[in-house]
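Trainee: Next up is a structure, given as structure tokens.
Protein chains in written order, with my numbering: chain X, 1 to 295; chain G, 1001 to 1265.
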């Protein structure tokens, strides 16, 4: 049974900005990665799901309820981490969480305490004096404290250190095991790889790819930057029949999908000084799979 | 109405309210002390010396009684401008800033209807206006009873304050409507503060008399006819009711617009 349903969602901001005829569905118990470069329309889609924007065309629903008409009803069982953390400036984190708890009419605060401990958050300082990471933690606690069935997480780990990112991934995995349905936008490969069942990639407001994470991982193309002794060696290396995406001076960039052995055997015959695997964004990794990633 | 949000709004406004109350206290105390029932006041001397200038700021007494004195010197400028400023600042704090900065997200990412959020914030503003005008009423009565026992026509004074209350509720309605309508804080503040300010300036021009007198038909400030209220004119009461009804219409429109509009938060 699908929990999220987006059907032909369209909002045109002009100049190819917005979302166009977007359709997808997310099943009960699924963690769904929602990826795309900045300005692709992820946040616009999420604003529609949250009932902040009314669709120009098409419709979206959560749990069978219309995201625009039944927005307050949907919110009973929904947790949301906004892409940008903006609170009421004059409150402390503790005050804010207490306010949200009463505002939402939450009966028990056990969950809040547990979350504060998990993220080692001392929320007693003023929100406006908090670092980005601390604010992010406050936002995470606010999204999970009422133990919602459905979660919309817009870049939930931005600003968190690697340790806390890991704790967050564990939290998502626990929630997944408890049958929660989660839509998560992210730029972190590890986060998506470890948590999501499926991912969708949008670009210029259109869905360009949607598939199982396992399948994508199997097909994943990796990039290696090989530094050779001199430019001649680099030029010769580049003409060895490997998939080369660029040569500059004595460096060759090679794309490797399954033929890592082939690369190693070629490297053995050349004066290789160094080999680096640069950090690739998620979009880049997945877009290689679908070809035409570069524009 | 969401009481948790209401409480939060009151907590956020009381400091500002206190400042306004302090300013009003100062003016009331100083001006009331200038009243002299037997000789006419120092202010009346000013009014005789510079009738045009004093008329522009609404200070042209029609009555020699204490209530007429208060009407002329406090309810032509002070009690118009300061509560108006409070309305502008208050709506900015309660709605515009939340939309502009994005903190409205947290108010709406909860099982609370948009109508409820808007109505609650409105209730906070109305509470503020009501508190400010009630305080001024009480302050005026107490001050007069101490300095000039028995001189003040309390009934008329309360009626005068009811008139100011209706006017300020209407001004608050304009500000609130603008903050609920415009997504851009530039317009929300610009129009919300601009329309009442312009109305007030037109009123000042009309007060100056002569050929500009007809300008009074171009501003809603005319509907607060303080001279008429003091003179016991029934038309003035009707105008008060028009302002009140207008305020209700503005509030309802604002809440409907806020509930239906797109929020880029």
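Backbone N, C-alpha and C define an ideal beta-carbon position, used for all residues, glycine too.
DSSP three-state label for residue 104/X, please.
Mentor: Coil at residue 104/X, not helix or strand.
Trainee: Can you tell me the Cβ-Cβ gap for residue 1133/G and residue 1083/G, rounded? I've got them flagged as a contact below 8 Å.
Mentor: Sure, about 7 Å apart at Cβ, within 8 Å.
Trainee: Taking its Cβ as the centre, do 16 or more other Cβ atoms sit within 10 Å of residue 175/X, making it buried, or is it exposed?
Mentor: Buried, since its Cβ has 16 or more Cβ neighbours within 10 Å.
Trainee: So with Cβ pairs under 8 Å, would you call residue 75/X a contact of chain G?
Mentor: By this cut-off, residue 75/X is an interface position.
Trainee: Quick one: what's residue 275/X bridged to in DSSP?
Mentor: Note: residue 275/X sits in a beta bridge opposite 226/X.
Trainee: Just checking: is the beta-carbon of residue 1189/G within a distance shorter than 8 Å of some beta-carbon in chain X?
Mentor: By this cut-off, residue 1189/G is not an interface position.
Trainee: I'd like to know if residue 1184/G contacts chain X, where contact means its C-beta is closer than 8 Å to some C-beta of that chain.
Mentor: Not one chain X Cβ lies under 8 Å of residue 1184/G.
Trainee: Please identify the residue among 1238/G, 1255/G, 1215/G, 1168/G whose C-alpha is closest to the C-alpha of residue 1075/G.
Mentor: When each option's Cα is compared against that of residue 1075/G, the closest is 1168/G.
Trainee: With a cut-off of 8 Å, does the C-beta of residue 1251/G fall near any C-beta of chain X?
Mentor: No, no contact with chain X.
Trainee: Quick one: does residue 198/X have its CB under 8 Å from some CB of chain G?
Mentor: Not an interface residue.
Trainee: Kindly say whether residue 124/X, judged by its beta-carbon, lies nearer than 8 Å to any beta-carbon of chain G.
Mentor: Cβ-Cβ to chain G under 8 Å: no for residue 124/X.
Trainee: Looking at residue 1118/G and residue 1252/G, is the spacing between their C-beta atoms short of 8 Å?
Mentor: Not a contact, by the Cβ cut-off of 8 Å.
Trainee: So is residue 102/X in contact with chain G if we call contact Cβ pairs under 8 Å?
Mentor: So yes, residue 102/X belongs to the interface.
Trainee: Cβ atoms of residue 124/X and residue 92/X: under 8 Å apart, would you say?
Mentor: Contact flag set, yes.
Trainee: Can you list, in chain order, the stretches of the beta strand (DSSP E) that have 3 or more residues and sit fully within the region 1189-1219 of chain G?
Mentor: Listed in chain order, there is nothing to give.
Trainee: Only counting runs of 4 or more residues, tell me where the alpha helix (DSSP H) segments fall wholly within the region 170-201 of chain X, in order along the chain.
Mentor: Entirely contained in the region 170-201 of chain X, the alpha helix (DSSP H) runs reaching 4 residues are, in chain order, 189-195.
Trainee: Is the region 1182-1200 of chain G in contact with the region 1213-1232 of chain G, if contact means three or more CB pairs nearer than 8 Å?
Mentor: Touching, yes.
Trainee: What are the partner residues of residue 92/X, as DSSP defines its beta bridges?
Mentor: Residue 92/X pairs with 126/X.
Trainee: Alpha carbon to alpha carbon, what distance is there between residue 135/X and residue 1144/G?
Mentor: Residue 1144/G and residue 135/X: Cα-Cα distance of roughly 53 Å.
Trainee: Hey, how far is the Cα of residue 1080/G from the Cα of residue 146/X?
Mentor: Cα-Cα distance, rounded: 46 Å.
Trainee: What in chain X is Cβ-close to residue 1092/G, meaning under 7 Å?
Mentor: Within chain X, no residue comes near residue 1092/G; the closest Cβ sits about 14 Å away, beyond 7 Å.
Trainee: By how many angstroms is the C-alpha of residue 1215/G removed from the C-alpha of residue 64/X?
Mentor: Each residue's alpha carbon lies about 57 Å from the other.
Trainee: What are the boundary residues of the beta strand (DSSP E) that includes residue 211/X?
Mentor: Counting along the chain, the beta strand (DSSP E) containing residue 211/X begins and ends at 206-212.
Trainee: Using CA coordinates, which residue listed in 1186/G, 1152/G, 1161/G is at the minimum distance from residue 1240/G?
Mentor: Nearest option by C-alpha distance: 1161/G.
Trainee: Nearest to residue 1141/G by alpha carbon, out of 1129/G, 1159/G, 1128/G?
Mentor: Per the Cα distances, 1159/G.
Trainee: Does the distance from the CB of residue 31/X to the CB of residue 184/X come in under 8 Å?
Mentor: Yes, the pair counts as a contact, with Cβ atoms nearer than the cut-off.
Trainee: For the candidate residues 1207/G, 1033/G, 1094/G, 1246/G, whose alpha-carbon lies nearest to that of residue 1007/G?
Mentor: Out of 1207/G, 1033/G, 1094/G, 1246/G, 1094/G has the C-alpha closest to the C-alpha of residue 1007/G.
Trainee: Across the region 1098-1117 of chain G and the region 76-86 of chain X, are there enough close Cβ pairs to call them in contact, namely three or more that are closer than 8 Å?
Mentor: Touching, per the Cβ criterion.
Trainee: For residue 300/X versus residue 149/X, is the C-beta spacing smaller than 8 Å?
Mentor: There is no way to answer for residue 300/X, as the model of chain X reaches only from 1 to 295.
Trainee: Considering Cα atoms alone, identify which of 1087/G, 1010/G, 1097/G, 1049/G is closest to residue 1186/G.
Mentor: Checking every option, the nearest Cα to that of residue 1186/G belongs to 1097/G.
Trainee: Are there 16 or more other CB atoms within 10 angstroms of the CB of residue 173/X, so buried, or fewer, so exposed?
Mentor: Exposed, by the Cβ-count rule.
Trainee: Within the 8 Å Cβ cut-off, does residue 1257/G reach chain X?
Mentor: So no, residue 1257/G is outside the interface.
Trainee: Would you say the beta carbon of residue 159/X comes nearer than 7 Å to a heavy atom of the ligand FMN?
Mentor: The ligand FMN is not part of this structure, which contains no ligands at all.
Trainee: Output the distance between the C-alpha atoms of residue 95/X and residue 1192/G, rounded to the nearest integer angstrom.
Mentor: Using only the alpha carbons, I get a separation of about 31 Å.
Trainee: As a quick exercise: from 1009/G, 1156/G, 1189/G, 1124/G, pick the residue whose alpha carbon is nearest that of residue 1068/G.
Mentor: The residue with the shortest Cα to Cα distance from residue 1068/G is 1156/G.
Trainee: By the DSSP assignment, the beta strand (DSSP E) with residue 86/X in it spans what residues?
Mentor: No beta strand (DSSP E) holds residue 86/X; DSSP gives it neither H nor E.
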